[in-house]
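These notes concern the structure reproduced below.
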Amino acid sequence: MGGSLDPKNGYYIGGWGELGCPTPQRIATYSLSSNRQRPLAGVFHSAIFNTFRRFRHQVLYVVPPFVAAYAAMNWAVERNHYLQSKPGRAETAGEE
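Under the numbering used here, residues 70 to 165 are what the sequence shown spells out, in order.
Below, the structure written as structure tokens:
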């Protein structure tokens with residue numbers, strides 16, 4: 070299996086590619102014809118339910134910050150429109 074014993078260098082196990090191992094026997098190889106494979110089997114069904122599950126678990130982490138940001142931006146825009154109008158300018162005229 071490994072070669073002969075060399076007292077000076079130890080065992081010689083062969084050159085590169087033949088490391089002294091016996092040729093493997095009785096290896097079974099199975100394959101499936103390419104026209105019998107279904108690589109996209111169940112993809113659309115899984116995509117719909119997996120997307121719904123992920124959305125349901127993440128919605129409470131994503132929606133509240135967006136709602137808060139929208140409310141703050143809406144308030145700022147309305148306040149700016151008021152301050153740039155005639156009543157808003159009259160209200161803040163004495164502060165300058």
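All C-beta atoms, glycine included, are put in the ideal place defined by N, C-alpha and C. From a predicted model like this one, the values you see are computed outputs, not experimental measurements.
Going straight from the alpha carbon of residue i to that of residue j, what length do you get?
| i | j | result |
| --- | --- | --- |
| Thr-161 | Val-146 | 17 Å |
| Pro-134 | Tyr-99 | 53 Å |
| Leu-101 | Arg-107 | 11 Å |
| Val-112 | Gln-127 | 22 Å |
| Tyr-130 | Trp-144 | 23 Å |
| Asn-149 | Ala-137 | 18 Å |
| Ala-140 | Leu-152 | 18 Å |
Taking residue i as part of the alpha helix (DSSP H), name the residues at either end of that continuous run.
| i | result |
| --- | --- |
| Gly-111 | Taken as a continuous stretch (DSSP letters only), Gly-111 belongs to no alpha helix (DSSP H), as it is neither H nor E. |
| Arg-158 | 155–161 |
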